Each structure stands twice: as structure tokens, then as C-alpha cells.
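Note sheet for the following structure.
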Amino acid sequence: RIDRPKSHCTAFGFTPDSKRLAYLTAIDEGRDHILRLADATDGHAIGKELREPNGNTFSNSHALAFSPDGKRLAVGTAYNADTPNGWKTQILRWEVARDGTEFRKINPLPRTNGMAKDMRFAPDGDQLLAVTGTSAVVGWSWATGQEDLRTDYPELITDLVAVGKSHAAAGAWVPASLQATVADWRLDPKASGPAESNPPMFPVALASVAFSPDDSLLAAGTKGLANIPWEQLAAVHIWERQTGGERAVLLGHADWVLDVAFTPDGKKLVSASKDGTVRTWRLP
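For my numbering, count along the sequence shown from 1 and bump the result up by 11.
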């Protein structure tokens, strides 16, 4: 349990060594946020609050990510703008000292349309991917500070992302059919278009997506609508990435499946649910 935040938390992330937890917390139930760091073992706050260089709070911050080596931290902020969905995203960046408690702010990444909903680093620690509640998954190079990947599916609205060895997957909502799917892209900036996969459509929204360690499987946890059978609101779906064939449907949770993750050896999957339970599944 962490020290009581000032208000609700909108995003959190562990450092790769699992010793520290960074979390974004709102100020007075509003759209302004600050970033705090806590000791993951006892929950006590570490160091000072992170804010803008001028001391202002972050605006509409709902996503953060550490690089695989823990030396880089990105935070997504959003501002009102004359765009189709009324928002522009700005990704703020810090270099993290070896002890994990000192942060040096560097130039932010170029703005893009939408509001950052989820962010992940690629395994190389340089490419940062974000979904912004629009039809795009956007990637930037940390080293150059420039956009190096953009994938658009006009009919999809993406709001969560998973990163594998060579592919990224975004949980997506298809407004025209009131269904959800997972869009799958290559991480290579030189590769254009979606990867060759054909994941199924779901009559529910997706709350989480994850790759197996070898990129061969995709898993998705569902959250749903009131007019469908309850068991479909609380399922974990696993399918083969290349063929789109469904490998398994895991039932047992009593509420939305908010997060899924494969174990490093790829033999099990862990799921966390709104029902307050965490389950471990041995894969078929």
C-alpha cells in the first residue's frame, strides 16, 4: 500500500528491478496531475514530486512508461486543441539516475493528435509507442526525438498497447459494429501496414493485451456491455498471432479482466480482474 495520494491515481509503472513504483495522481479530483515515486516494498514516498520545469502540474496525464533498463521515463500529457477529438498529446521525458531517485528532464517529443491512453517501450529501449484514443499507434525514437512509426486504421479507435520482440498490438474498438479487436503491427519503422494476423472480433471491449515472449501468441482480457452473457465480460482470450486461430478462452473471473501477462518462459499466463483476484493459468 502506497502513501495516500492526493487524489485518484491515473497511471502507474514499476521500475524494471521492481524496487520502485511511479504513479500519476490527480490534484483535487481535477485534470491536473503530479508524478510521485514510492518504495515498492513499503509504499513510502521517495524524493520530490515531479512537475513541469516551471512548477506547473501535468495536464490530463493518464500514461507513463519506464524503459527496459529503467534509465528512461516517459509521461503522456494532453492539452485542448483544434483537432478531431479536441486533444493534442505531448510526451515528456526524463533520464533517470542509477539509484532511480534523481530525474533529469530532457526535451519533450513532438506533439501528436489525441490523448495518450497507454505507452510502452520497445525491447531496444529506444522506440517509445503510444496510443492516443485515435486510429493511430505512434512511435518515436528516444535518441533522435523524432517520430519514426505511425500506423492508421481509420475504422479503429485504439486505447491500449502491448509490445513484443518485433510487433506491437493495440486493443481497438470498432464503432461501426460495436465490437473490439486487436490490431497488430511490425515495430520496424521501414515496414508498412499491419502484420499478417487476423485476430477475432469480440462483442465486448478489451481491457488488456499482451504478447507471449516469443511473439507467437496474443492474449486479451475483456470488459463488456450489459446486454451480453456475463461470462463474456470476464474472459481471457488467447489466439495464435500468425493465423488468428483461437487457442483458448479462459473463464473463471467474476468481473472485467483488467490486465494480462505471460510468464517469461511462456508456459503460463497471469490475469488480474476487477473482482479483486489474480489468477495463474497453465497454457494448453
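Glycine included, C-beta positions come from ideal geometry on N, C-alpha and C. What you are looking at is a predicted structure, and each value in this text was computed from that prediction instead of being measured.
Inter-residue spacing [alpha-carbon to alpha-carbon] between residue i and residue j
i, j, result
"Arg83", "Phe77", "6 Å"
"Gln157", "Lys278", "37 Å"
"Leu330", "Leu160", "Any answer about residue 330 is impossible in this case: the structure gives the chain only from 12 up to 295."
"Glu106", "Ser152", "14 Å"
"Ala230", "Pro224", "12 Å"
"Ala127", "Thr169", "10 Å"
"Trp250", "Gln190", "17 Å"
"Ala259", "Ala51", "34 Å"
"Ile57", "Arg47", "8 Å"
"Pro275", "Val281", "11 Å"
"Pro121", "Arg252", "32 Å"
"Thr254", "Tyr164", "20 Å"
"Gly295", "Ser29", "Sequence inspection shows Pro at residue 295; the Gly mentioned does not correspond to that position. Their Cα atoms are separated by approximately 29 Å."
"Arg131", "Ala33", "14 Å"
"Phe25", "Trp196", "25 Å"
CB of residue i within 9 Å of CB of residue j, strictly
i, j, result
"Val148", "Val185", "no"
"Ala194", "Ala141", "no"
"Gly263", "Arg290", "yes"
"Gly87", "Leu61", "no"
"Ala108", "Val174", "no"
"Thr162", "Thr143", "no"
"Ser70", "Ala92", "no"
"Ala181", "Gly150", "no"
"Ala245", "Asp270", "no"
"Leu35", "Ala22", "yes"
"Val247", "Leu228", "no"
"Asp226", "Ser177", "yes"
"Pro27", "Asp80", "yes"
"Ala272", "Thr288", "no"
"Thr155", "Asn96", "no"
Unbroken beta strand (DSSP E) run spanning residue i, endpoints
i, result
"Glu257", "Glu257 to Leu261"
"Tyr90", "Arg83 to Asn91"
"Gly182", "His178 to Val185"
"Gln138", "Gln138 to Val142"
"Thr100", "Trp98 to Val107"
"Arg284", "Arg is not the amino acid found at residue 284; the sequence shown has Ser there. Lys279 to Ser284 is the span of the beta strand (DSSP E), which, as asked, contains Ser284."
Residue nearest to residue i in terms of C-alpha spacing, selected from the options
i, options, result
"Thr233", "Ser227, Ala221 and Asp225", "Ala221"
"Ser72", "Leu217, Ala85 and Asp276", "Ala85"
"Asp135", "Ala183, Ala187, Pro121 and Asp199", "Asp199"
"Ala187", "Gly256, Ala154 and Met212", "Met212"
"Ala216", "Lys30, Lys59, Leu32 and Val268", "Val268"
"Ser125", "Glu113, Trp98, Thr254 and Arg131", "The residue you asked about is not Ser; residue 125 is Gly in the sequence shown. Taking only the C-alpha atoms, the option nearest Gly125 is Trp98."
9 Å Cβ cutoff, residue i in contact with chain C
i, result
"Asp266", "Although the question refers to chain C, the structure presented lacks it and comprises just one protein chain."
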